[in-house]
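Protein chains: 2
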Amino acid sequence: MTQKIPDLYQVKEKMYVATDCIIFGFDSGKLKLLLFKRLVEPLKGRWSLIGSFVRLDEDIDVAGKRVLKEITGLDNVFMQQLKTYGKKDRDPGYRCISVAQYALISSDEHDEDLINEKKAHWFEIKDLPGLILDHEQMVQDALEQLRNNARYKPIGFELLPEKFTLPQLQSLYEAIYQVKLDSRNFRKKVLSLNVLEKLDEKDKSASKRGAFLYKFDYNNYNKLRESGYHFVIA
Amino acid sequence: MTQKIPDLYQVKEKMYVATDCIIFGFDSGKLKLLLFKRLVEPLKGRWSLIGSFVRLDEDIDVAGKRVLKEITGLDNVFMQQLKTYGKKDRDPGYRCISVAQYALISSDEHDEDLINEKKAHWFEIKDLPGLILDHEQMVQDALEQLRNNARYKPIGFELLPEKFTLPQLQSLYEAIYQVKLDSRNFRKKVLSLNVLEKLDEKDKSASKRGAFLYKFDYNNYNKLRESGYHFVIA
DNA sequence: ACAAAAGTGTTGAAAATACACCCATGT
DNA sequence: ACATGGGTGTATTTTCAACACTTTTGT
Numbered sequence: 001m002t003q004k005i006p007d008l009y010q011v012k013e014k015m016y017v018a019t020d021c022i023i024f025g026f027d028s029g030k031l032k033l034l035l036f037k038r039l040v041e042p043l044k045g046r047w048s049l050i051g052s053f054v055r056l057d058e059d060i061d062v063a064g065k066r067v068l069k070e071i072t073g074l075d076n077v078f079m080q081q082l083k084t085y086g087k088k089d090r091d092p093g094y095r096c097i098s099v100a101q102y103a104l105i106s107s108d109e110h111d112e113d114l115i116n117e118k119k120a121h122w123f124e125i126k127d128l129p130g131l132i133l134d135h136e137q138m139v140q141d142a143l144e145q146l147r148n149n150a151r152y153k154p155i156g157f158e159l160l161p162e163k164f165t166l167p168q169l170q171s172l173y174e175a176i177y178q179v180k181l182d183s184r185n186f187r188k189k190v191l192s193l194n195v196l197e198k199l200d201e202k203d204k205s206a207s208k209r210g211a212f213l214y215k216f217d218y219n220n221y222n223k224l225r226e227s228g229y230h231f232v233i234a
Numbered sequence: 001m002t003q004k005i006p007d008l009y010q011v012k013e014k015m016y017v018a019t020d021c022i023i024f025g026f027d028s029g030k031l032k033l034l035l036f037k038r039l040v041e042p043l044k045g046r047w048s049l050i051g052s053f054v055r056l057d058e059d060i061d062v063a064g065k066r067v068l069k070e071i072t073g074l075d076n077v078f079m080q081q082l083k084t085y086g087k088k089d090r091d092p093g094y095r096c097i098s099v100a101q102y103a104l105i106s107s108d109e110h111d112e113d114l115i116n117e118k119k120a121h122w123f124e125i126k127d128l129p130g131l132i133l134d135h136e137q138m139v140q141d142a143l144e145q146l147r148n149n150a151r152y153k154p155i156g157f158e159l160l161p162e163k164f165t166l167p168q169l170q171s172l173y174e175a176i177y178q179v180k181l182d183s184r185n186f187r188k189k190v191l192s193l194n195v196l197e198k199l200d201e202k203d204k205s206a207s208k209r210g211a212f213l214y215k216f217d218y219n220n221y222n223k224l225r226e227s228g229y230h231f232v233i234a
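One line per chain: the protein sequences are A and B, in this order.
Going by full-length UniProt numbering, the first sequence opens with residue 1, and the numbers climb by one from there.
Going by full-length UniProt numbering, the second sequence opens with residue 1, and the numbers climb by one from there.
Here you go:
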């Protein structure tokens with residue numbers, strides 16, 4: 001039989017490649033999502049994720065960071081690729097695939113003026129408006145991945161400021177998983193992991209007594225990982 | 001201040017979009033990967049994953065299935081998107097991003113002639129040759145995801161024939177995680193999940209006594225999932 | 001003095017681990 | 001009869017889950 005070079009090596013068609021950002025924040029005990037009112041046709045005026053085409057000379061993850069910077073003013077944000085959406089008819093205009101990436105930002109940090117200017121709005125996760133195209137699917141998938149990952153990696157910490165209190169951390173996990181946790185068991189479990197460093201300061205913004213602040217200890221976390229341990233909160 | 005529509009809505013450049021397939025198999029107690037000797041320049045003769053450009057009128061996941069079919073002759077294979085590789089210089093020739101997908105196939109099924117014809121070869125996971133471009137990274141990432149997923153979802157079963165024995169299943173998990181498991185504890189745990197249906201047949205290919213065959217029970221598994229259970233083996 | 005959130009221990013149940021021998025069968 | 005892999009039970013340790021009161025401090 002003759003050896004035919006398969007067709008697949010030859011078909012070379014180009015497509016539009018975009019990235020969309022699912023931006024999670026945490027504020028007042030609520031898990032939130034940053035959404036945008038589209039300023040341009042088509043679908044002008046509808047809520048959507050923020051996205052951009054990826055430039056020819058730009059890494060995809062860099063494109064995500066660029067978008068995030070343009071919107072929030074933030075650099076150095078935790079961002080992770082979620083999934084690529086590539087149904088041939090997902091965008092009615094032209095063939096465009098989208099690499100969705102999700103970001104976790106601590107909501108005390110972003111630039112509010114910038115967000116207002118871009119007609120963006122923080123929505124509670126339980127109360128999202130309808131979104132264009134496959135953006136609702138993206139959000140569902142991102143939530144699922146966030147929940148999976150927050151169980152075994154400390155990415156939940158990315159949603160908090162550098163220094164945070166245990167009640168804040170607990171409330172974050174409660175918001176992510178939509179459950180109520182017992183504070184005694186929660187503290188026991190978290191502290192037993194030895195990945196939190198207790199500081200000598202207190203945060204008094206949430207109570208008169210004040211709660212001790214902690215920092216996440218990446219060194220200890222990495223040691224823990226290497227020894228094959230699984231990080232399970234909640 | 002004037003509201004400027006951000007640049008990002010306007011840059012529209014097209015790129016090549018490819019998909020690469022990480023094909024896992026399980027055979028003789030070893031976890032294996034199907035690799036290909038490249039038939040075309042550039043990098044002709046080097047080992048690589050098998051891939052293809054995605055066609056303009058083709059969903060990305062469909063492209064993956066097409067590639068898999070061309071190589072193994074198999075339809076209806078478990079396949080899952082891994083990650084999109086989009087560094088701007090990942091391919092030296094032109095800007096090309098690749099959506100990596102991984103497949104799990106039960107090694108008794110594929111078409112050997114087809115594989116020979118395509119100059120493909122099954123490599124043990126512990127003994128892989130060097131690969132082109134970022135394909136080694138893809139394989140590492142796929143392994144990590146396989147290990148993560150096999151812990152909480154029954155995807156390990158995809159690597160076995162429809163009917164399999166408990167010693168086979170145990171050996172599969174041992175191959176995935178590179179550990180030795182205690183057969184009593186393993187059986188206890190797996191059977192306690194109630195997702196296996198014991199058949200009245202035995203497989204005598206591995207021992208004189210023969211081992212009972214089991215089938216995976218998707219109904220019970222789905223019930224289990226809905227009740228929020230986490231599937232943890234090993 | 002009181003309201004409001006922070007912090008703290010114990011007990012019982014359940015799950016995970018460690019561990020060694022008999023069984024069935026083909027040769 | 002023996003070699004080979006299949007199959008089984010129990011005791012110990014560890015982890016998880018349930019549960020309520022005292023402390024601190026600003027008003």
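Don't be surprised by glycine CBs; every beta carbon is placed ideally from N, CA and C.
Bear in mind that the values here come from a model prediction, so they are computed numbers and not experimental data.
Relative to the C-alpha of residue i, which candidate in the options has its C-alpha closest?
{"i": "aspartate 91 (chain A)", "options": "A:Pro129, A:Phe231, A:Pro42, A:Ser106", "result": "A:Pro42"}
{"i": "lysine 62 (chain B)", "options": "B:Arg209, B:Thr19, B:Ser227", "result": "Per the sequence shown, the amino acid found at residue 62 (chain B) is valine instead of lysine. Comparing Cα positions, the closest option is B:Thr19."}
{"i": "arginine 46 (chain A)", "options": "A:Tyr102, A:Asp57, A:Leu128", "result": "A:Leu128"}
{"i": "lysine 215 (chain B)", "options": "B:Tyr229, B:Lys223, B:Asn222, B:Glu197", "result": "B:Glu197"}
{"i": "glutamate 144 (chain B)", "options": "B:Glu58, B:Asn185, B:Lys83", "result": "B:Lys83"}
{"i": "lysine 87 (chain B)", "options": "A:Ser98, A:Gly86, A:Ala100, A:Ile60", "result": "A:Ile60"}
{"i": "valine 67 (chain B)", "options": "B:Gln80, B:Leu56, B:Gly51", "result": "B:Gly51"}
{"i": "glutamate 13 (chain B)", "options": "A:Lys44, A:Leu56, A:Leu31", "result": "A:Leu56"}
{"i": "residue 284 (chain B)", "options": "B:Lys44, B:Ser192, B:Gln170", "result": "Outside the shown range of chain B, which is 1 to 234, sits residue 284 (chain B), and nothing can be said about it."}
{"i": "leucine 172 (chain B)", "options": "B:Ser207, B:Gly210, B:Ala150", "result": "B:Ala150"}
{"i": "serine 207 (chain A)", "options": "A:Gln168, A:Glu226, A:Gln81", "result": "A:Gln168"}
Starting from residue i and walking both ways along the alpha helix (DSSP H), at which residues does that stretch end?
{"i": "serine 171 (chain B)", "result": "166-177"}
{"i": "lysine 32 (chain A)", "result": "Premise fails: lysine 32 (chain A) lies in the beta strand (DSSP E), 30-37, not in any alpha helix (DSSP H)."}
{"i": "histidine 121 (chain B)", "result": "Per DSSP, histidine 121 (chain B) belongs to no alpha helix (DSSP H); it is in the beta strand (DSSP E), 120-124."}
{"i": "valine 67 (chain A)", "result": "60-72"}
{"i": "leucine 128 (chain B)", "result": "Counting along the chain, leucine 128 (chain B) falls outside any alpha helix (DSSP H), and DSSP gives it neither H nor E."}
{"i": "valine 139 (chain B)", "result": "135-152"}
{"i": "glutamate 158 (chain A)", "result": "Careful: glutamate 158 (chain A) lies outside any alpha helix (DSSP H) and carries neither H nor E."}
{"i": "aspartate 113 (chain B)", "result": "112-117"}
Can you name, in chain order, every residue of its own chain whose Cβ lies under 7 Å from the Cβ of residue i, other than the five neighbours on each side?
{"i": "tyrosine 16 (chain B)", "result": "Phe53, Tyr94, Arg95, Cys96"}
{"i": "leucine 180 (chain B)", "result": "In the sequence as presented, leucine is not what sits at residue 180 (chain B); that position holds lysine. Cβ neighbours of lysine 180 (chain B) beyond the five flanking positions: Glu174."}
{"i": "leucine 133 (chain B)", "result": "Arg90, Asp91"}
{"i": "aspartate 217 (chain B)", "result": "Val195, Leu196, Glu197"}
{"i": "tyrosine 229 (chain B)", "result": "none"}
{"i": "serine 183 (chain A)", "result": "Gln170"}
{"i": "glycine 210 (chain A)", "result": "Lys202, Asp203, Lys204"}
{"i": "histidine 121 (chain B)", "result": "Leu35"}
Could you pull out every residue in the same chain whose Cβ sits closer than 8 Å to the Cβ of residue i, ignoring the five residues on either side in sequence?
{"i": "lysine 69 (chain B)", "result": "Asp75"}
{"i": "arginine 147 (chain A)", "result": "Ile176, Tyr177"}
{"i": "histidine 135 (chain B)", "result": "Asp20, Ser48, Leu49"}
{"i": "asparagine 219 (chain A)", "result": "none"}
{"i": "leucine 199 (chain B)", "result": "Lys163, Phe212, Leu213, Tyr214, Lys215"}
{"i": "lysine 44 (chain A)", "result": "Arg38"}
Verify whether the separation of the beta carbon atoms of residue i and residue j is less than 8 Å.
{"i": "leucine 35 (chain B)", "j": "phenylalanine 123 (chain B)", "result": "yes"}
{"i": "proline 154 (chain A)", "j": "serine 106 (chain A)", "result": "no"}
{"i": "phenylalanine 164 (chain A)", "j": "leucine 213 (chain A)", "result": "yes"}
{"i": "tyrosine 85 (chain B)", "j": "alanine 142 (chain B)", "result": "no"}
{"i": "tyrosine 152 (chain A)", "j": "phenylalanine 231 (chain A)", "result": "yes"}
{"i": "aspartate 108 (chain B)", "j": "threonine 72 (chain B)", "result": "no"}
{"i": "isoleucine 23 (chain A)", "j": "alanine 100 (chain A)", "result": "no"}
{"i": "lysine 119 (chain B)", "j": "lysine 37 (chain B)", "result": "yes"}
{"i": "valine 139 (chain B)", "j": "leucine 31 (chain B)", "result": "no"}
For residue i, which residues does DSSP report across the bridge?
{"i": "glutamine 101 (chain A)", "result": "A:Cys21, A:Gln81"}
{"i": "serine 48 (chain B)", "result": "B:Phe36"}
{"i": "methionine 15 (chain A)", "result": "B:Met15"}
{"i": "leucine 196 (chain A)", "result": "A:Phe216"}
{"i": "histidine 202 (chain A)", "result": "First, the amino acid is wrong: residue 202 (chain A) is lysine here, not histidine. Its beta-bridge partners are A:Phe212."}
{"i": "lysine 163 (chain A)", "result": "A:Lys215"}
{"i": "arginine 53 (chain A)", "result": "For clarity, residue 53 (chain A) is phenylalanine in the given sequence; the question names arginine instead. Looking at the DSSP assignment, phenylalanine 53 (chain A) forms a beta bridge with A:Ala18."}
{"i": "serine 207 (chain A)", "result": "Answer by DSSP bridge pairing: none, since serine 207 (chain A) is not bridged."}
{"i": "phenylalanine 26 (chain A)", "result": "A:Leu31, A:Ser106"}
Whose C-beta lies closer than 6 Å to the C-beta of residue i among residues of the same chain, with five residues either side of it excluded?
{"i": "leucine 166 (chain A)", "result": "Arg187"}
{"i": "phenylalanine 78 (chain A)", "result": "Leu104, Glu158"}
{"i": "proline 6 (chain B)", "result": "With a pLDDT of 47 at proline 6 (chain B), under the threshold of 50, the predicted position of this residue should be treated as unreliable, and no value is reported."}
{"i": "residue 240 (chain A)", "result": "One cannot answer for residue 240 (chain A) here, as it falls past the ends of chain A, which runs 1 to 234."}
Mind checking which residues open and close the beta strand (DSSP E) that includes residue i?
{"i": "leucine 181 (chain A)", "result": "Note, leucine 181 (chain A): premise wrong, no beta strand (DSSP E); not H, not E."}
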